[in-house]
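**Q** When you read off a place in the sequence shown, starting at 1, and then add 49, the result is the number in the numbering used here.
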Amino acid sequence: MADQDKDQKDKTEKKRQRDDSAQPVVLPGIHRYQFFSNLKDRALTKNLNRLMMFGIITTLGVDIIKPLFRGLTQTIYCYECRACYATQDNCPVGIPFQAELVVASRVSDYRRFINNGGLKCVRCGNCTSFCVQYIELQEVFGQMQTITMDAIRKGKVPKGVLVRAMEEGLVGRDFIADVADVLGKRT
Ligand code: SF4
Ligand code: SF4
Numbered sequence: 050m051a052d053q054d055k056d057q058k059d060k061t062e063k064k065r066q067r068d069d070s071a072q073p074v075v076l077p078g079i080h081r082y083q084f085f086s087n088l089k090d091r092a093l094t095k096n097l098n099r100l101m102m103f104g105i106i107t108t109l110g111v112d113i114i115k116p117l118f119r120g121l122t123q124t125i126y127c128y129e130c131r132a133c134y135a136t137q138d139n140c141p142v143g144i145p146f147q148a149e150l151v152v153a154s155r156v157s158d159y160r161r162f163i164n165n166g167g168l169k170c171v172r173c174g175n176c177t178s179f180c181v182q183y184i185e186l187q188e189v190f191g192q193m194q195t196i197t198m199d200a201i202r203k204g205k206v207p208k209g210v211l212v213r214a215m216e217e218g219l220v221g222r223d224f225i226a227d228v229a230d231v232l233g234k235r236t
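1) Spatial neighbours of residue 173 within its chain, please: C-beta separation below 7 Å, excluding the five flanking residues on both sides.
2) Exposed or buried, what is residue 103 when buried is set at 16 or more other beta-carbons lying within 10 Å of its beta-carbon?
3) Taking residue 150 as part of the alpha helix (DSSP H), name the residues at either end of that continuous run.
4) CA-CA distance, residue 160 and residue 182?
5) Leaving out the 5 sequence neighbours to the left and right, which residues in its chain are closer than 8 Å to residue 124 when beta-carbon positions are compared?
6) Rounded C-beta distance between residue 162 and residue 197? I'm assuming under 8 Å.
7) Are there any heavy atoms of ligand 1 lying less than 7 Å away from the beta-carbon of residue 168, as far as the coordinates show?
8) Unbroken beta strand (DSSP E) runs of length 3 or more, entirely within the region 105-139: which are they?
9) Candidates 168, 55 and 100: which alpha carbon is nearest residue 210's?
10) Could you have a look at residue 175 and say whether DSSP puts it in helix, strand or coil?
11) So the candidates are 227, 212, 216 and 179; which of them puts its Cα closest to the Cα of residue 195?
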């Protein structure tokens, strides 16, 4: 009887053992059970690294898909080296942190774009010559201005952000009438 039990136990154990190489490939060089923990091993701590991995992949996905969707593909190539800060006095409207505008454009962060002077950029292209990735910054900023103004008209940007931008001279002459108009309608 004891032998039978042992045989049964061995059989069950064998069944639960996996043969990784016989499993379908989910990524090049990675079989299914190498990607997900075996059921019997599943525990929160053992799967935390997988959860982290999915989190990172999702974040990267958002970072890449969003600009692609908005037509701001070039922003993906910015690796935030901040070499463009060397523009300094060559920026006619005194924008100090061009990389902030690029990152704001990549993630469609209107508030960050406005607060860093994105709406006063005159798209001269002077900062482009400092970009080590040869990103056409004036094109990126121009597209993001259009998208931001659209969001402002649709009421997606808080009134406080617009009031502060107007007070601090962060809205250029191309957009000042439109922003004032939106603010007037919101009072
Ligand atoms: S493109 Fe815009 S941010 Fe760049 S130098 Fe010209 S005004 Fe400044
Ligand atoms: S120099 Fe180019 S790659 Fe570097 S932070 Fe500025 S925009 Fe991004």
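Just so you know, even glycine gets a beta-carbon here, dropped at the ideal spot from N, CA and C.
**A** With the structure as the only source:
1) Along the sequence shown, read from residue 1 onward, the residue named residue 173 stands at position 124. 141 and 187, listed in sequence order.
2) Locating residue 103 in the sequence shown gives position 54, where the first residue counts as 1. By the beta-carbon neighbour count (other beta carbons within 10 angstroms, threshold 16), residue 103 is exposed.
3) Taking the sequence shown and counting its residues from 1, one reaches residue 150 at position 101. Where residue 150 is concerned, the enclosing alpha helix (DSSP H) stretches over 147-155.
4) Here the question's residue 160 lines up with position 111 in the sequence shown. Here the question's residue 182 lines up with position 133 in the sequence shown. The alpha-carbon of residue 160 is positioned some 25 Å away from that of residue 182.
5) The count along the sequence shown starts at 1 and reaches residue 124 at position 75. Within the same chain, 116, 151, 152, 154, 155, 184 and 189 come within 8 Å of residue 124 by CB-CB distance, once the 5 residues on both sides are set aside.
6) Stepping through the sequence shown from its first residue, residue 162 is reached at position 113. Stepping through the sequence shown from its first residue, residue 197 is reached at position 148. Confirmed, Cβ separation roughly 6 Å.
7) As a working mapping, residue 168 is identified with position 119 in the sequence shown. Residue 168: no, Cβ never under 7 Å from ligand 1.
8) Counting only runs that start and end inside the region 105-139, there is no beta strand (DSSP E) element of at least 3 residues.
9) Counted from its first residue, the sequence shown places residue 210 at position 161. If we check each option's Cα against that of residue 210, 168 comes out closest.
10) Within the sequence shown, residue 175 is the residue found at index 126, counting from 1. In the three-state reduction of the DSSP assignment, residue 175 falls in the helix class, which pools H, G and I.
11) Within the sequence shown, numbered from 1, the residue matching residue 195 stands at position 146. Selected option, being the one with the closest Cα: 227.
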